[in-house]
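Notes to accompany the following structure.
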Ligand SMILES: [Ca+2]
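Residue numbers (our numbering): 1 to 498.
What follows is the structure, given as structure tokens:
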């Protein structure tokens, strides 16, 4: 690995360091009006990237705010704590409230409701995935010359056809599962084993978290020394079912059953993250590797989001404000401490574009922005409204944070509700001074409520014409394919454009 030197680093920072590009809001109007958008052409990989950092993106599943050691939680996480100490805590990092929406926004840099993955998760019986029109992260990094692009863990972005498979969407290496909530020892979901190497079923024994960790560390070790790699590690832990090997359970005998199992799962994952960090150390590339770790949403059963309000599947802070840390010593993301700039999952792709030196990702306009300068504490970060949404069932949950205010709406579909203030529940918080959302100020500031309600209605209108999930399959009568082998062939997926 050739190391980036200081002059080269400052040189490429100079290209875009002055200010973060703001989202092109006009895009929302264009898309809402149904203006056709050309499908991006397939890229040919560019020349191999030299002198660019490795990228390791680690995502936990349902890890709550208070489930990391550096927030004081019961679970011991010395390796995540090490990242926070050597890098920075991203103190106001937000994900979507659920698994698939966060992954969809992470992969595209766009609000997932724009393309049908904002409402809820892609359950085993649903048939949608990221549409072919969306350009996703490994495809973008291929443009930057990253030739080795691994996905190790839970995909959860479409599994009804091989066209949605990670290898059809820009990854060169896949090991893991398509669905969520697998048994941690049998890896079965809906009666079939969901564990794969590439397109093929993989028969393994052991604990899922260990399998993911071992493969991820091996990916680092086996990468050529003279060119950078991209490794995405979406752990399945500590999502239910709450299962852990006895070794980890024994560490938390003082806790009640569910928090005990949850803490054991977190520590097993943390140990695996330690293995990935050790592999970077052993290869001598840790200083030249951008590592980002965060949770895909707040905790559910067994976890702990305190002192934040709410949890998984909620737009209150406990559902969306998640533990997050970043480290890139050679890029200035180092030294410990907190970064207070609000940022989140849709900013990852634009930030990685900057890091990888990609000016144009070749896809639809981005909603997220490059926040590298904020991570490196060279700027205060972008000022913009931050939106959250979840919409399964017949309810909308919407939130917008702008400046000191955060507004939340929970109720029937907002665009069909004549007056959301009476048709649903509306809350208003001064989020900077009341981060735990304890004091509702909606009655005292009706003008702020009106203004922010108008914003969330506009945001909700960006939703694609259909939610997709309502019409792409139901649980009733669903039978999983044998070994979760996906219909279609890889060749068909590639001929189809993806
Ligand atoms: Ca999750």
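Built from N, CA and C at the ideal position, the CB exists for glycine as well.
{"Check": "Taking the alpha carbon of residue 55 as the point to measure from, which residue in 493, 238, 280, 242 has its own alpha carbon closest?", "Outcome": "280"}
{"Check": "Can you give the Cα-Cα distance for residue 184 and residue 206, rounded to whole angstroms?", "Outcome": "8 angstroms"}
{"Check": "Could you tell me which of 397, 402, 401, 418 sits nearest to residue 411, measuring between CA atoms?", "Outcome": "397"}
{"Check": "Starting from residue 355, follow the alpha helix (DSSP H) in both directions and report where the run begins and ends.", "Outcome": "348-356"}
{"Check": "So for residue 330, helix, strand or coil by DSSP?", "Outcome": "helix"}
{"Check": "I'd like to check one pair, residue 192 with residue 406: are the Cβ atoms closer than 8 angstroms?", "Outcome": "no"}
{"Check": "Less than 8 angstroms between the beta carbons of residue 268 and residue 172, yes or no?", "Outcome": "no"}
{"Check": "Do residue 302 and residue 248 have their C-beta atoms within less than 8 angstroms of each other?", "Outcome": "no"}
{"Check": "What ranges does the beta strand (DSSP E) occupy inside the segment 211-299, keeping only unbroken runs of at least 3 residues that lie completely in it?", "Outcome": "229-234, 289-295"}
{"Check": "Strictly closer than 6 angstroms from CB to any heavy atom of ligand 1: give me those residues in the order they appear in the chain.", "Outcome": "61, 62, 99, 239, 296, 297"}
{"Check": "With distances taken from CA atoms, which of 391, 444, 453, 404 is nearest residue 420?", "Outcome": "453"}
{"Check": "Which residue comes first and which comes last in the beta strand (DSSP E) that contains residue 388?", "Outcome": "386-390"}
{"Check": "At a cut of 8 angstroms, does the segment 290-297 reach the segment 95-106 through at least three beta carbon pairs?", "Outcome": "yes"}
{"Check": "Using a 10 Å radius around the Cβ and a threshold of 16 neighbouring Cβ atoms, would you call residue 337 buried or exposed?", "Outcome": "exposed"}
{"Check": "Helix, strand or coil: which one does DSSP assign to residue 484?", "Outcome": "helix"}
{"Check": "Spatial neighbours of residue 182 within its chain, please: C-beta separation below 7 angstroms, excluding the five flanking residues on both sides.", "Outcome": "188, 189, 194, 208, 236"}
{"Check": "Leaving out the 5 sequence neighbours to the left and right, which residues in its chain are closer than 6 angstroms to residue 346 when beta-carbon positions are compared?", "Outcome": "105, 109, 367, 368"}
{"Check": "In the DSSP output, which residue or residues are listed as bridge partners for residue 175?", "Outcome": "152, 197"}
{"Check": "With a cut-off of 8 angstroms on the beta carbons, I'd call residue 233 and residue 83 a contact; round off their distance for me.", "Outcome": "Not really, about 13 angstroms apart at Cβ, beyond 8 angstroms."}
{"Check": "Enumerate in chain order the residues of its own chain whose CB-to-CB distance from residue 59 is below 6 angstroms, with the five nearest sequence positions on each side excluded.", "Outcome": "234, 296"}
{"Check": "Can you check whether the CB of residue 144 is closer than 8 angstroms to the CB of residue 358?", "Outcome": "yes"}
{"Check": "Is it buried or exposed for residue 168, if we count other Cβ within 10 angstroms and need 16 for buried?", "Outcome": "buried"}
{"Check": "Using only CA atoms, which one of 413, 409, 63, 80 lies nearest to residue 275?", "Outcome": "80"}
{"Check": "If you run the structure through DSSP and keep just helix, strand and coil, what is residue 409?", "Outcome": "strand"}
{"Check": "Within 10 angstroms of its Cβ, does residue 394 collect 16 or more other Cβ (buried), or is it exposed?", "Outcome": "exposed"}
{"Check": "In terms of residues, what are the limits of the beta strand (DSSP E) holding residue 457?", "Outcome": "That residue, residue 457, is in no beta strand (DSSP E); its alpha helix (DSSP H) goes 446-461."}
{"Check": "Exposed or buried, what is residue 219 when buried is set at 16 or more other beta-carbons lying within 10 Å of its beta-carbon?", "Outcome": "buried"}
{"Check": "My output table needs one value for residue 122: the three-state DSSP class, helix, strand or coil.", "Outcome": "coil"}
{"Check": "CA-CA distance, residue 141 and residue 425?", "Outcome": "42 angstroms"}
{"Check": "Taking residue 176 as the reference, give the member of 254, 156, 111 with the closest Cα.", "Outcome": "156"}
{"Check": "Report the CB separation of residue 381 from residue 343 in whole angstroms; it is logged as a contact under 8 angstroms.", "Outcome": "7 angstroms"}
{"Check": "Could you check where the alpha helix (DSSP H) with residue 80 kicks off and where it finishes?", "Outcome": "78-86"}
{"Check": "Taking the straight line between their C-alpha atoms, what separation do you get for residue 478 and residue 434?", "Outcome": "45 angstroms"}
{"Check": "For the putative contact between residue 212 and residue 164, defined by C-beta atoms under 8 angstroms, what is the C-beta separation to the nearest angstrom?", "Outcome": "The pair is not a contact, with the Cβ atoms about 20 angstroms apart (cut-off 8 angstroms)."}
{"Check": "Rounded to a whole number of angstroms, what is the C-alpha to C-alpha distance between residue 61 and residue 154?", "Outcome": "9 angstroms"}
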